[in-house]
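S.K.:
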Amino acid sequence: MATRRAAARVTWIVALALIVGCTRTEAEPLPSLTPLVPADELPTATAVTTTSIVRSSPPDDPILDAMPDVPCGFADLAAATADGSLTEITFVVGDRLFGSSPDGTAVRCLAELSRDQRGAVSWSPPGDRVLLAGGTVLDAAGARRSGFEVGSTRVRWEADGNGLVSPNSSGSSVVRRSSTAADDRTTIAFLSRTWALAAHPAGAGVVVAAGVADDGRRGLAARVAADRPPVPLLTLLNPDEQITELAIDDAGDVVYFITDNGVQFRVHRLALAMLTTSELDVEQAPIAQLVVGPAWRTVAWRVGLCNDDTETVVRDDRSGNVMQVGDDTPLEGLSLSPVGWLDAARLVVASRTLGCDGPADVWIWNLLDGSATLLVKTVEMPATRTVPQPSGPLAIDPAAVAPGL
């Protein structure tokens with residue numbers, strides 16, 4: 011092919027030389043003052059090449075300036091956006107729970123809240139139910155008690171949204187309640203003491219918990235069936251170490267967890283297939299609030315004391331790097347807490363001048379371009395309402411051995 015292109019190039023040059031040679035023997039054309047392009051067709055401006063830069067929102071220019079004065083009514087997630095993206099950001103203003111599409115084009119009031127319902131907001135994985143302040147479940151059928159105490163912080167949704175699980179007040183057992191009938195209560199014999207837990211995103215009653223097993227082993231274990239003993243996943247070797255929080259990736263094959271040994275806090279990643287661990291972060295300041303999903307391999311956490319400035323950190327799975335949210339944006343210098351992921355790139359964060367409690371401004375930070383978009387200012391209990399990708403089952407290689415940490 012290269013030989014053919016070279017031959018063609020030579021032929022073209024020879025032809026051009028013949029043409030030029032012939033032209034030189036012709037008479038010179040008479041000069042003309044007539045322009046080649048009519049004056050009315052000449053351009054009035056010259057296009058200049060520019061570099062496009064993604065810019066963040068000004069800190070005082072939110073997409074939503076005020077909430078619409080509309081009747082409240084629980085609505086499904088599909089109505090949140092016209093494009094069917096099934097993504098909504100919710101927050102509380104006064105005694106009302108509002109939902110907004112990420113671009114602010116669709117805003118509605120989902121519920122009027124009573125005093126004991128004004129608290130942490132946690133949406134079920136399918137997005138069809140919401141847990142309010144730990145004590146109330148709300149869906150299209152109305153509001154009803156969850157069976158757990160108001161203010162409970164360790165209650166977690168099952169994958170299908172039909173159940174809620176939590177350690178009891180002493181941590182001696184795990185309680186499972188139906189999200190449609192609080193009296194439907196089951197006690198799960200699991201560990202002798204449970205510190206924290208998460209329901210596996212594949213469902214089938216699988217629960218991963220941190221605590222102390224009946225044989226005294228401290229660490230992580232999985233309940234895979236009611237008639238089978240718990241499966242050891244990891245053993246803590248330091249008697250001063252404790253797992254304070256855990257979360258399961260929506261793919262179902264990775265557990266993220268936080269340890270505290272009284273001196274340092276660490277974020278770890280446990281790959282379930284072969285039970286291998288890696289350390290993602292280590293800090294002297296407290297680490298908390300692990301946030302995963304709905305896309306696979308998206309995780310964020312908060313670093314810092316809630317009476318001081320806090321940072322939000324994310325792990326970019328594509329590069330394996332840990333990065334701080336908000337650098338070179340209006341978020342820099344503010345106290346940040348992660349709220350939830352909208353997809354693999356966009357993380358919703360709450361910003362405050364100090365601490366991690368109380369009214370906050372809600373931003374959408376983009377992992378890919380580093381931009382930050384301000385959705386709304388001075389709201390409470392922000393949360394994300396999304397639908398995760400389907401999860402695989404809990405799968406551990408029979409040859410895998412629970413590691414020590």
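The sequence shown maps to residues 11 to 415 in our numbering. No residue lacks a Cβ here, since even glycine has one placed at the ideal position from N, Cα and C.
1. What do you get for P392, buried or exposed, if any count of 16 or more other CB atoms within 10 angstroms of its CB means buried?
2. Between which residues of its own chain and L74 is the CB-CB distance below 8 angstroms, once the five residues before and five after are set aside?
3. Count the other C-beta atoms from every protein chain shown that fall within 10 angstroms of the C-beta of R195, then say buried if there are 16 or more, exposed otherwise.
4. Quick one: residues in its chain with C-beta nearer than 6 angstroms to the C-beta of V309, no 5 flanking neighbours on either side, listed in chain order?
5. Just verifying my parser: in three-state terms, what is the DSSP assignment at A88?
6. Considering only their Cβ atoms, is the gap separating S183 from V469 smaller than 8 angstroms?
7. List the residues that DSSP assigns as beta-bridge partners of R155.
8. For I169 versus A209, is the C-beta distance shorter than 8 angstroms?
9. Enumerate, from N- to C-terminal direction, the unbroken beta strand (DSSP E) stretches of 3 or more residues contained entirely within the segment 204–255.
10. Compute the Euclidean distance between the alpha carbons of S134 and T363, then round it to the nearest angstrom.
11. In terms of residues, what are the limits of the beta strand (DSSP E) holding W373?
12. Whose C-alpha, out of P400, F84, E98, A223, is nearest the C-alpha of A305?
13. From the DSSP secondary-structure annotation, give me the bridge partner or partners of G109.
14. Going by beta-carbon coordinates alone, are G262 and L244 separated by less than 8 angstroms?
15. Using the three-state DSSP reduction, which class does R125 fall into: helix, strand or coil?
16. DSSP state of S176, grouped into three classes?
17. Would you say the segment 219–234 touches the segment 369–378, given that touching needs at least three Cβ pairs under 8 angstroms?
18. Short of 7 angstroms in beta carbon distance, which residues of its chain neighbour L46, apart from the five on each side in sequence? Order them along the chain.
19. What are the boundary residues of the beta strand (DSSP E) that E289 is part of?
20. On the CB-based measure, 16 or more other CB atoms within 10 Å of its CB, does D250 come out buried or exposed?
21. T197 lies in the beta strand (DSSP E); which residues open and close that run?
22. Using beta-carbon positions only, say whether E255 and I268 come within less than 8 angstroms of one another.
23. Would you decide whether V292 is buried or exposed? Buried here means 16 or more other CB atoms lie within 10 Å of its CB.
24. Rounded to whole angstroms, what is the Cα-Cα separation between A191 and I406?
25. Pull the bridge partners of P182 from the DSSP assignment, please.
26. Taking the straight line between their C-alpha atoms, what separation do you get for P185 and D193?
27. Roughly how many angstroms separate the alpha carbons of P136 and D337, rounded to a whole number?
28. Could you spell out the range, first to last residue, of the beta strand (DSSP E) harbouring I73?
29. Grouping DSSP H, G and I as helix and E and B as strand, with all else coil, what is D326?
30. With a threshold of 7 angstroms on Cβ separation, who are the neighbours of N80 within its own chain once the five nearest residues in sequence on each side are excluded?
31. Quick check: the Cα distance between L415 and L282, rounded to an integer number of angstroms?
32. Since I258 and V218 should fall inside the 8 angstroms C-beta cutoff, what is the C-beta to C-beta distance between them, to a whole number of angstroms?
33. Hey, how far is the Cα of G157 from the Cα of Q294?
34. Could you check the C-alpha separation between N178 and F108 for me, to the nearest Å?
35. Looking at C-alpha atoms only, which residue of Q274, R307, P296 is the closest neighbour of V416?
36. Along the chain, where does the beta strand (DSSP E) that runs through R307 open and close?
M.R.: Judging by the given coordinates:
1. buried
2. S110, G114, V117, L385, V386
3. exposed
4. Y266, V302, R325
5. helix
6. Since the first residue of the chain shown is 11 and the last is 415, residue 469 is not available in this structure.
7. T146
8. Note that residue 169 is Ala in the sequence shown, not Ile. Cβ distance < 8 angstroms, so A169 and A209 count as in contact.
9. 217–222, 228–233, 241–245
10. 30 angstroms
11. 370–376
12. P400
13. T100, R118
14. no
15. helix
16. strand
17. no
18. With a pLDDT of only 46 at L46, under 50, the local geometry of the prediction cannot be trusted, and the value read off the model is given with reservation. So the list is empty, once near-sequence residues are dropped.
19. 286–293
20. exposed
21. 195–198
22. yes
23. exposed
24. 34 angstroms
25. At residue 182 the sequence reads Ser, which differs from the Pro that was named. Answer is none; S182 lacks a bridge partner.
26. Per the sequence shown, the amino acid found at residue 185 is Val instead of Pro. Each residue's alpha carbon lies about 12 angstroms from the other.
27. 33 angstroms
28. Segment: none, I73 is in no beta strand (DSSP E) and carries neither H nor E.
29. strand
30. According to the sequence as given, residue 80 is Val; it is not Asn. Same-chain partners within the cutoff: R118, C119.
31. 15 angstroms
32. 6 angstroms
33. 37 angstroms
34. 31 angstroms
35. In the structure as shown, the chain starts at 11 and stops at 415, and residue 416 therefore has no counterpart that could be examined.
36. Where R307 is concerned, there is no enclosing beta strand (DSSP E), given that its DSSP letter is neither H nor E.
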